[in-house]
Amino acid sequence: MRIHVHALATAAATLALMVLGSLVHGTGSSLACPDWPLCHGTVFPEMTHGVEFEHTHRLMALGVVVLVGTLLVRALRRTDRVAVRLAGLGCALVVVQATLGGLTVIFRLPPAISIAHLATSMTFLSVMVVLAVRLWPRALAPDVGVGTGFALAALLVFVQIVFGAVVRHTGAVLACAGFPLCTGEVWPDAALARLQVIHRTLGALALVVAVGVGVSAARRATTRNARIAALLPPVLAALQVTLGLAVVLTYAPLDLVTLHHLGGALLLASLVAAWALHLPTAAPAGNPLQAEVDRGVFEVASR
Ligand code: HEM
Ligand code: HEM
Numbered sequence: 019m020r021i022h023v024h025a026l027a028t029a030a031a032t033l034a035l036m037v038l039g040s041l042v043h044g045t046g047s048s049l050a051c052p053d054w055p056l057c058h059g060t061v062f063p064e065m066t067h068g069v070e071f072e073h074t075h076r077l078m079a080l081g082v083v084v085l086v087g088t089l090l091v092r093a094l095r096r097t098d099r100v101a102v103r104l105a106g107l108g109c110a111l112v113v114v115q116a117t118l119g120g121l122t123v124i125f126r127l128p129p130a131i132s133i134a135h136l137a138t139s140m141t142f143l144s145v146m147v148v149l150a151v152r153l154w155p156r157a158l159a160p161d162v163g164v165g166t167g168f169a170l171a172a173l174l175v176f177v178q179i180v181f182g183a184v185v186r187h188t189g190a191v192l193a194c195a196g197f198p199l200c201t202g203e204v205w206p207d208a209a210l211a212r213l214q215v216i217h218r219t220l221g222a223l224a225l226v227v228a229v230g231v232g233v234s235a236a237r238r239a240t241t242r243n244a245r246i247a248a249l250l251p252p253v254l255a256a257l258q259v260t261l262g263l264a265v266v267l268t269y270a271p272l273d274l275v276t277l278h279h280l281g282g283a284l285l286l287a288s289l290v291a292a293w294a295l296h297l298p299t300a301a302p303a304g305n306p307l308q309a310e311v312d313r314g315v316f317e318v319a320s321r
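Sequential numbering from 19 applies to the sequence shown in the working numbering.
Following this line, the structure appears as structure tokens:
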């Protein structure tokens, strides 16, 4: 497998693992394995009563650890120091993530650790996306101005996702009835309801920012690929807000909540990818000539 495909496969496996993690929580299986790292004292427990979600999540996490570990080994054989650092950061994050996963079980699901587990998974996914873009043979002409817009939008979406986790892990999902008001109020008294109002408001802001940044980038785009990369985040943001609304109006069924989790991860990944694609130094190993162009070597030489 080529190294850029290996990096993309690691990002895809992470996304699948995250959806499974969301199902672990959503199906109430988080403590189906009461111990860690073994499950009921064995590596091969009976896959029933939620163990099928929780233990499969752990086994799949092991697969992601192997994928990112081998990615680092392969990156070390190359001259691209940024790729090595990104793969190294990925390895460190996956260790932190597995530790947080274990701590959620040992301490019986304190919300702070569950929220940190979600935030670290999104950070890890983002690093894998940047690494995949870095290693990919150059597809787009870099534009730092456009890239900065996507980076700011990605930061906003990351904060919004963390608020989503706060809503989820504090049980604020049904704290507001109706939409757009929260049980008829703009700013309710109850703390849980306020958390959801903040998540809704940030969601609207994230949509406006993603549309603004995406549409202006699409206008500046000179190729079809650049236009697709620019327009993907606004489309995903619109879908994500629609899913959020559906979650609230239908009292949070498991399938919609899981899709909303996946939608948040995909939106973040699309913004991070759009940012990384516009970095001037992406993928020197994929296309050395382009890297020279990016660094302005030919420009200087021609003066
Ligand atoms: C690469 C490694 C991992 C990733 C990317 C990952 C990702 C996730 C995600 C995204 C969730 C859903 C969180 C939410 O909905 O807020 C989750 C839940 C969970 N994960 Fe992981 N996980 C990883 C490793 C582990 C490991 C090694 C364990 C070991 C015990 C673990 C245990 C759990 C548990 C118990 C939950 C449910 C938490 C709750 O109900 O609050 N995870 N995981
Ligand atoms: C760009 C916009 C949005 C993003 C990126 C986003 C992201 C997320 C994520 C990732 C979660 C799950 C966190 C976890 O699994 O721990 C979540 C939860 C939630 N979101 Fe959003 N969201 C957005 C907009 C909205 C909107 C507009 C609403 C409502 C009108 C909404 C309502 C909810 C609710 C109720 C939950 C909790 C679900 C539960 O407890 O099971 N979201 N959000």
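Note that the Cβ used here is the ideal one computed from N, Cα and C, for glycine as well.
All values reported here derive from a predicted model rather than from experimental measurement.
Spatially closest choice to residue i from the options, by CA coordinates
i, options, result
"W293", "L254, L277, A247 and A256", "A247"
"A172", "R218, L77 and G230", "G230"
"L90", "I21, L250, T276 and G165", "I21"
"T66", "D53, L80, S47 and W154", "S47"
"C51", "L33, H279, F71 and V37", "F71"
"C109", "L85, T188 and V162", "L85"
"V145", "A291, H296 and L210", "A291"
"R218", "V148, P198 and T45", "P198"
"L107", "V204, F142, A255 and F125", "F142"
"L223", "A79, F176, L35 and T268", "F176"
"M78", "H296, L277 and A31", "A31"
Contacts around residue i, its chain only, beta-carbon distance under 7 Å, and the 5 residues preceding and following it disregarded
i, result
"L118", "I131, A134, H135 and T138"
"G282", "I179, G182 and Q258"
"A169", "W293"
Three-state secondary structure assigned by DSSP to residue i
i, result
"T74", "helix"
"T88", "helix"
"A300", "Confidence at A300 is low in this model, with a pLDDT of 49, below 50, so its placement is unreliable and no value can be given for it."
"T28", "helix"
"T166", "helix"
"T60", "strand"
"R20", "coil"
Close Cβ partners of residue i (< 8 Å) along its chain, the five nearest in sequence each way excluded
i, result
"I216", "F181"
"D53", "G59 and V123"
Close-in-space but distant-in-sequence residues of the same chain around residue i (CB under 6 Å, 5 per side omitted)
i, result
"R92", "I21"
"H75", "L38, G39 and V42"
"A235", "V164 and A248"
"H24", "L89"
"A270", "V191"
*Let me know the beta strand (DSSP E) ranges lying completely inside the segment 103 to 154, each 3 residues or longer, listed in chain order.*
Complete beta strand (DSSP E) runs here, min 3: none at all.
*Would you be able to state if there are at least three C-beta pairs under 8 Å between the segment 149 to 157 and the segment 97 to 114?*
Contact between the segment 97 to 114 and the segment 149 to 157 is present, because at least three Cβ pairs lie under 8 Å.
_Entirely enclosed alpha helix (DSSP H) segments - the segment 218 to 306, minimum 4 residues_ = 242 to 267 and 272 to 295
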